[in-house]
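Numbering (my numbering), first residue to last: 7 to 167. For glycine and all other residues, C-beta sits at the position ideal for the given N, C-alpha and C. Shown next, in structure tokens, is the structure this report addresses.
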Amino acid sequence: MQFAEAEATYRALVEDLLAGRATVADAVARFAGPLRAAWVDDRADDEVEGLAWAAGGAVATAATDPAHHELLAELLAELLAAVRALGPLVRAPGGQACTVWGLTVFTDLPCVGAQLREALDVHPTAAPALFAFADRLDRAGTLDFSGWAGWADGVTDGRGP
7 MQFAEAEATY RALVEDLLAG RATVADAVAR FAGPLRAAWV DDRADDEVEG
57 LAWAAGGAVA TAATDPAHHE LLAELLAELL AAVRALGPLV RAPGGQACTV
107 WGLTVFTDLP CVGAQLREAL DVHPTAAPAL FAFADRLDRA GTLDFSGWAG
157 WADGVTDGRG P
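Spelled out as structure tokens, the structure:
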């Protein structure tokens, strides 16, 4: 799957979840499908990073939307927790784990943190929503955003991290 197609696929997945057209279980299957196909079926190792980046980007972009942020953040957090619960993406035989930037796909959710950080630059007015979402993920144990705690005041008052 080419990157542009992956971006459209993951954006549609997130939009369907947030609009109630997909359950969390359906969204998890759609989130995992392209990554699993690239790693396990196609052995297209070079595509995995782009897919993970597109997936993280769709979540980060949705997290910038201040409209109905609590419901939105809850659904996005459920999605990420459920993807993480899939366990590591592995290739049989031998169980070789798929990694991006040294992080295991699914269990470490590579690219989500980086995309949230990039969203702070692209959507500075969404900083409060992004920090609230990162805090939600941190408190739930889904991803470690404890290092962001000191940034919140600096970013929201314009000084930056």
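The alpha-carbon separation between G119 and S152 amounts to approximately 12 Å.
Distance from L78 to L24 at the Cβ level is roughly 6 Å; contact confirmed, criterion being Cβ atoms closer than 8 Å.
Between the region 123–133 and the region 99–114 there are fewer than three C-beta pairs closer than 8 Å, too few to call the two in contact. Under the DSSP assignment, T67 falls in the alpha helix (DSSP H) whose first and last residues are 51–69. Burial state of R27 is exposed, judged by a 10 Å Cβ sphere holding fewer than 16 other Cβ atoms. Under the three-state reduction of DSSP output, T15 falls in the helix class. One thing to note: W45 has its Cβ no nearer than 8 Å to the Cβ of L115.
Here DSSP, grouped into helix, strand and coil, assigns Q102 to strand.
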